[in-house]
Amino acid sequence: MGVTAVARSPFARSVSISGERTAGAQATRKITLGAMGAEVPIVVTAEDGTEATHTLQIRRRPLAQDTTLSGLVPDAGTLDPAFDPDVLGYALTVPGDRVAFTPTALNPKAAITVQGQAVASGAASPPIQVPVGDTAVAVKVVSEDGTADATYTIKVTRPEPELPQDGATAPPARAALSTTSGRQYGLHDGTYDVTMNLWYGVNASVFVLYENGKEIARRDLTPKTPSAQKATVAVTGRKNGTYVYTGELLNQAGRTATTSAKVVVTDANPGRPGLSSDNWDGDGDYTIRMNMWWGANATSYRLYEDGVLVDTQPLDPATPAAQSAATVLTGRPAGRHTYVAELANAAGVTRSDPLTVVAE
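Residue numbers (numbering that gives the first Met the number 0): 0 to 359.
And the structure:
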C-alpha cells in the first residue's frame, strides 16, 4: 500500500519512510504488508538538523476476513484508472457487445461473483452483454468467513458505432417488426423469434433490435435497394412479463425506426402438475405419481410430504409434451399425509394442488 508522510513545517530538510529518505517536506513510498500488517518508521529532519521519529502502525485484518482483489483484468479495453486493490470504482470502454473479467482475490478462498455469477479466483467470468451506452458491472468479493464483503464497480461504455459507409444517399425505409410468440404451440413461453421485414425501399446495412429500450442484437445486412430485407433474432429464456421490441435500420445517410412489437409472456413457468396415488389398500406402502399433461416443460421435479422434501428428480424438457414422474414410498406411519409436487425450470416454479393420502 502507499504511505505519504508530510512534515508540519514546509522547511523540513527531509522525510524518511522505512529508511528511504526524500529531500523536502514530503515523501511517498510503497509499503509491502505482511500477514498482520506492518510497522513503518518515519523520520522527519527539521531545518536545523534535528530529527523526530514517528511510527505508523498498519494492522491488517486476518486473511479469512479479507475482501481485496489483487487483480482485475478485462478481456477488452483498459481499466481507468489502472487497477489498484484499494480503488473500488473504474471506467472501461469496449468496442464490442460483450466483455469478460478475470478477478483474482488476495485470499484464494474468498467467494467472487461477477454480475451475480460465481467466478473462481483467477478465472474468466462468463461474457457479459454490453449494449450501446453505459453498463454497470459489479464484482463482489465475500470474505472466506462470510463476515465482510466489498464490491468493485466498473462502468462499461460501448460507444455508438459509426454509421456504415455503404454509399447510401437517403435513410432506410421503415420496416415492420413481428414475433412468433404463441404460434407453434399456442404457448407464450418466452421462446420466440422477432423478425424485421423491410418490404420495399431504400435499404439498410445494419439492423439493431431493442428489448424494453435496451439493445439485445445487431445484424449486418446486405443492401440491394429497393429489394426487400429481412432479419430474424431468436429470443429465449424470457420469464413471465411484458416485452416491447423496437428497432432501427442504419445506413450511411441516417437511421430509421421500425414499428414496435409487444410480447406478453404468460406460460414460461412449467405447466401445472397433478398428483395421484395407488394406496388402494390403505397401508403405508404406495407410489405418488405426477403428471403434467401439456404445457411448458420443467427440468426438475420435487415432491414434498407434509412440507418436507422427500424426492427430487431431473426431467428432460420437450415443450409442450407431457411429463411424468413417480415416487415410491414405503413404511409411512399411520395417519393423513399431504403431498405437493413442484415443477421447476429456469423461468420459475409451479406447484400442484395438495393430495391427501391416508395410511392405516
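Ideal placement from N, C-alpha and C gives every residue a C-beta, glycine not left out.
At which residues does the beta strand (DSSP E) containing Asp188 begin and terminate? Element bounds for Asp188: n/a, residue is neither H nor E.
Which residues in the same chain have their Cβ closer than 8 Å to the Cβ of Leu362, if we skip the five residues on either side of it in sequence? Absent from the model: residue 362. The displayed extent of the chain is 0 to 359, so no value can be given.
Cut-off 8 Å between Cβ atoms - residues of its own chain near Val14, not counting five sequence neighbours on either side: Ala4, Val5, Ala6, Arg20, Thr21, Gly23, Ala24, Gln25, Ala26, Ile41, Val42, Val43 and Thr44
Does the count of Cβ pairs from the region 263-271 and the region 290-309 closer than 8 Å reach three? yes
Looking only at its own chain, which residues have a Cβ that is under 6 Å from the Cβ of Ala216, when we skip the five neighbours before and after it? Leu208 and Val232
Buried or exposed: Arg97, going by 16 or more other Cβ atoms within 10 Å of its Cβ? exposed
Starting from Met291, follow the beta strand (DSSP E) in both directions and report where the run begins and ends. Tyr285 to Met291
Does Gln312 come out as helix, strand or coil in the three-state DSSP assignment? strand
In whole angstroms, give me the CA-to-CA distance for Asn278 and Leu328. 10 Å
If we call anything under 8 Å between Cβ atoms a contact, is Ala175 one with Thr257? yes
If you drop the 5 nearest sequence neighbours on each side, which residues of the same chain put their C-beta closer than 6 Å to that of Arg271? Thr349
Any chance the region 107-120 sits against the region 86-95, with 3 or more Cβ pairs inside 8 Å? no
Could you check which residue in Ala137, Gln128, Asp133 and Gly132 has the C-alpha nearest to that of Val118? Ala137
What does the alpha-carbon distance come out to for the pair Ser142 and Asp282? 52 Å
Just to check my reading of the structure: Gly132 and Thr101 have Cβ atoms closer than 8 Å, yes? What is that Cβ distance to the nearest angstrom? Not confirmed; about 24 Å, so no contact.
Does the Cβ of Ser259 have 16 or more other Cβ atoms within 10 Å, making it buried, or fewer, making it exposed? exposed
Determine the DSSP secondary structure at Gln25, reduced to helix, strand or coil. strand
Skipping 5 residues on each side, what residues in its chain have a beta carbon closer than 6 Å to that of Tyr303? Val339
If you count every other CB in all the chains shown that lies within 10 Å of the CB of Met289, and 16 or more means buried, which is it? buried
For Ser15, would you say it is in contact with chain D, using Cβ-to-Cβ distances shorter than 8 Å as the test? Going by chain labels, chain D is absent from the structure shown, which holds only one protein chain.
Proximal residues to Pro211 (C-beta, below 7 Å), its chain only, five neighbours per side dropped: Rather than Pro, the amino acid found at residue 211 in this sequence is Asn. Hits under 7 Å: Tyr242 and Val243.
Taking the alpha-carbon positions, what's the Phe10 to Thr54 distance? 21 Å
Is Val357 buried or exposed, if buried means 16 or more other CB atoms sit within 10 Å of its CB? exposed
Inspect the beta-carbon positions of Glu247 and Pro130 and report whether they are closer than 8 Å. no
Spatial neighbours of Gly166 within its chain, please: CB distance less than 8 Å, with the 5 preceding and 5 following residues excluded, ordered by chain position. Gln251
Closest to Arg173 by CA distance: which of Leu105, Val201, Glu50 and Thr67 is it? Val201
Can you tell me the Cα-Cα spacing of Pro319 and Asn239, whole angstroms? 17 Å
Assuming Ser226 is part of the beta strand (DSSP E), what are its boundary residues? Counting along the chain, Ser226 falls outside any beta strand (DSSP E), and DSSP gives it neither H nor E.
Indicate the three-state DSSP secondary structure (helix, strand or coil) for Val62 in the structure shown. Reading the sequence as shown, one finds Leu at residue 62 and not Val. Note: Leu62 maps to helix in three-state DSSP.
List the residues that DSSP assigns as beta-bridge partners of Glu359. None, per the DSSP bridge assignment.
Leaving out five residues on either side along the sequence, give the residues of the same chain with a beta carbon under 6 Å from the beta carbon of Thr156. Thr92 and Asp133
My output table needs one value for Asp219: the three-state DSSP class, helix, strand or coil. strand
Cutoff 7 Å; reference Tyr285; Cβ partners in own chain excluding five residues on either side: Ser276, Asp277, Asn278, Leu328 and Val356
Between the beta-carbon of Leu68 and the beta-carbon of Leu78, is there less than 8 Å? no
Beta carbon of Gly48, beta carbon of Ala75: below 8 Å? no
Closer than 7 Å by C-beta to Arg331: which residues in its own chain qualify, once you throw out the five before and the five after it? Chain order, please. Gly283 and Ala358
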